[in-house]
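Worksheet for the structure shown next.
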Amino acid sequence: MDNSSAITSCRLVYILFLVNILVPFLGIIGVVMAYVNKDDAPEWLQSHYQFQIRTFWFGLAYVLLGMLLTIILIGYFILLFTAFWIIIRCVKGMKYLDNQQAHPNPGAWMFD
5 MDNSSAITSC RLVYILFLVN ILVPFLGIIG VVMAYVNKDD APEWLQSHYQ FQIRTFWFGL
65 AYVLLGMLLT IILIGYFILL FTAFWIIIRC VKGMKYLDNQ QAHPNPGAWM FD
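Residues in the sequence shown are numbered consecutively from 5, following my numbering.
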């Protein structure tokens, strides 16, 4: 895979995560793409794939927690936070990707 198509593939994962907020289950396609492409990507792109994989799994955990806690209403705030969390992480990740830089902290939990 050449550098241009590798960057496009990585960008597509970010876009799928963003659209997943409105169209459920697209995030699953994105995380599968990240897992499939991670090992063949250049080293700087591997940090993006690691960041995307962590975004998916932590996002899924936050959504499940939020859904569970909607019974006592706090879950709606968790779901809203999760949507903003995903948007911020994807936008920041795409910023680094557009500059062709490795993600500086792919193991971060919050917005890094």
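Glycine residues also receive a C-beta, built at the ideal position from the N, C-alpha and C atoms.
Here the structure is a predicted model, which means the values were calculated and not measured.
Taking the Cα positions, Phe-60 is about 21 Å away from Pro-46. Counting along the chain, Val-95 sits inside the alpha helix (DSSP H) bounded by residues 78 to 102. By the Cβ criterion, the stretch 87 to 100 is in contact with the stretch 20 to 27, since at least three pairs of Cβ atoms, one from each stretch, lie closer than 8 Å. Under the three-state reduction of DSSP output, Asn-109 falls in the coil class, being neither helix nor strand.
Secondary structure at Phe-55: helix, using DSSP grouped into helix, strand and coil.
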